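To convert a position in the sequence shown, counted from 1, into this note's numbering, add 26.
Each remark here refers to the structure printed beneath this line.
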Amino acid sequence: MWRFARLMHRLKRNVSYVGKLAGKIAVSAQFDPGMPSVLMGYDFHLTADGPRLIEINNNAGGLFVEKDQWLPQPAIKELPGTLQARLMSMFNANWQCMAIMDEDVKGQYMYPEMVAYTELLRGQGREVQVVSPRDIRTGDDGALYVGDARLDAIYNRHTDFYLESSNLPHIRQAYLSGQVALTPNPRSYALLGDKGRMVDWWRPGLLDECLPAADAGFVRSVVPETHMLSEIGVESAWMERKSWVFKPAARHGGKGVLLGKAMSRKRLMQMDAAATVMQRHVPPSVVNVDGVDFKFDVRLFTHGETLIAIAGRIWQGMVTNFRMPGSGWTSLDIA
């Protein structure tokens, strides 16, 4: 899993790869801020033949868990020092005034985690606030402000990765004009996190022209076969639906994800074929906790080529969710 995550970071910086995607990625992603995004998340299901990538998450959460504590980490050489120190190492020392931003932020499931980040950052002497987009205004100088405080950077927990929502144009303008740093940034999402990239990696030629044959083969061995629904066709997809998972291309997590085996023909016909990816179904592992079976997967949290943390997730149901008692994030023991 770590080998794959490091390879993805190098791919994102591969000139040939970036050039081949230049005409496909959003305008906001054309701007290269020149720094890696904080907390890229790589989610894997484990199989008898090795791990299989399910998603690359551009603003991964889940490290601050119940009982107001950070998730304990395994004692392995890839994770030196404390989790809190590794987290703080991701944030540029010049970002002295920051906002942690999400849509309707106080109503978010991860709001306590965002507050926990403010406490860590404030412990370094920074000025940090947790805000919604409406709390940020543009000043006469074109910079962004929360109250009278001019922002150096925004830690973006919003899931509109391309900054296209009606309440984000001021954030987009300031970011693209260099008035504020944004992390994670649209470019990271466009080059790796957008599910359309997994489709590209399975298209003949693209990876093979950018990577050595062994690396291109390795990527496809980890990424389940993925296509656009529009390229396969609704009728063909219906005939083979039980082998596939259908996902909105521009969303992340369990939102809008449907297992083909549980989907009606009517629901398939209602999908926007040009905005839906179909990925070969790889069932998660099953673990038993106190006599109860849970589904299980693994997330790696990274910053560039640095591993920041690793966590397991356990849940019940068709897609990842933490509504059932006993589900949630779990620490892992790694030999």
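Beta carbons are placed, not taken as given, at the ideal position from N, Cα and C, and that holds for glycine.
All of these numbers come straight from a predicted model, not from anything done at the bench.
Original post:
In the DSSP assignment, what residue or residues form a beta bridge with H253?
Top reply: M304
**OP:** Give me whichever residues DSSP pairs with I381 in a beta bridge.
**Re:** Beyond the ends of the chain as shown, which are 27 and 361, falls residue 381; an answer cannot be given.
Subject >> Residues bridged to C236 [DSSP beta-bridge criterion] >> reply: Note: C236 sits in no beta bridge, so no partner.
Original post:
Considering only residues of the stretch 116-166, which uninterrupted beta strand (DSSP E) runs meet the minimum length of 3 residues and lie entirely inside it, listed in chain order?
Top reply: 123-127, 153-157
Original post:
Exposed or buried, E235, counting other C-beta atoms within 10 Å across all chains shown (16 or more means buried)?
Top reply: exposed
Subject >> Residue(s) in a DSSP beta bridge with I180 >> reply: A125, L208
Original post:
Between the beta-carbon of A125 and the beta-carbon of L194, is there less than 8 angstroms?
Top reply: no
Original post:
What does DSSP give as the partner residues of H329 in its beta bridges?
Top reply: T332
Subject >> Other residues of its chain near P138: CB distance less than 7 angstroms, five sequence neighbours each side excluded >> reply: F90
Original post:
Does DSSP put F322 in a helix, a strand or coil?
Top reply: strand
Subject >> Assigned secondary structure, V260 (DSSP; H/G/I helix, E/B strand, else coil) >> reply: helix
Subject >> Proximal residues to A86 (C-beta, below 6 angstroms), its chain only, five neighbours per side dropped >> reply: L65, G67, F327
**OP:** Quick one: give me the first and last residue of the alpha helix (DSSP H) that V283 is part of.
**Re:** Segment: none, V283 is in no alpha helix (DSSP H) and carries neither H nor E.
Original post:
Do G219 and F187 have their C-beta atoms within less than 8 angstroms of each other?
Top reply: yes
Subject >> Spatial neighbours of V324 in its chain, beta-carbon cut-off 6 angstroms, leaving aside the 5 residues before and after >> reply: F70, G338
**OP:** Kindly give me the distance between the Cβ atoms of E207 and W121, rounded to whole angstroms, as I take these residues to be in contact under 8 angstroms.
**Re:** Looking at the sequence shown, residue 207 is not Glu but Ala. About 6 angstroms; that satisfies the 8 angstroms criterion.
Original post:
Rounded to a whole number of angstroms, what is the C-alpha to C-alpha distance between V260 and V283?
Top reply: 16 angstroms
**OP:** Could you give the DSSP three-state label for P59: helix, strand or coil?
**Re:** coil
Original post:
Thinking C-alpha only, which one of D166, V225, V131, K103 is nearest Q205?
Top reply: D166
Original post:
Does DSSP put P230 in a helix, in a strand, or in coil?
Top reply: coil
Original post:
How is the beta strand (DSSP E) around Y15 delimited, first residue to last?
Top reply: A question about residue 15 goes unanswered here, because the residues of the chain that appear run from 27 up to 361.
Subject >> Straight-line gap, W228 to V248 (C-alpha atoms, nearest Å) >> reply: 11 angstroms
**OP:** Could you pull the start and end residues of the alpha helix (DSSP H) that K273 belongs to?
**Re:** Per DSSP, K273 belongs to no alpha helix (DSSP H); it is in the beta strand (DSSP E), 270-274.
Original post:
For F90, which three-state DSSP category applies?
Top reply: strand
**OP:** Could you tell me whether the Cβ atoms of S203 and S63 are closer together than 8 angstroms?
**Re:** no
Original post:
Per the contact definition of three or more C-beta pairs closer than 8 angstroms, is the stretch 266-277 in contact with the stretch 293-302?
Top reply: yes
Original post:
Counting along the chain, where does the alpha helix (DSSP H) carrying G45 start and finish?
Top reply: 41-47
Original post:
Are there 16 or more other CB atoms within 10 angstroms of the CB of A288, so buried, or fewer, so exposed?
Top reply: exposed
Original post:
What residue does the beta strand (DSSP E) around Y188 start on, and which one ends it?
Top reply: Premise fails: Y188 is in no beta strand (DSSP E) and is neither H nor E.
Subject >> As assigned by DSSP and simplified to three states, the class of A74 >> reply: coil
**OP:** Could you tell me whether the stretch 250-260 touches the stretch 299-310, where touching means 3 or more Cβ pairs closer than 8 angstroms?
**Re:** yes
Subject >> Within 8 angstroms, strictly: CB atoms of R78 and I334 >> reply: no
Original post:
How would you write the range of the alpha helix (DSSP H) that L170 sits in, first residue to last?
Top reply: Run containing L170: none in the alpha helix (DSSP H); it sits in the beta strand (DSSP E), 170-172.
**OP:** Could you spell out where the alpha helix (DSSP H) holding P195 opens and where it closes?
**Re:** 195-202
Original post:
Does the Cβ-Cβ distance between M136 and S158 come in under 8 angstroms?
Top reply: no
Subject >> F320 to A101 span [Cα, whole Å] >> reply: 25 angstroms
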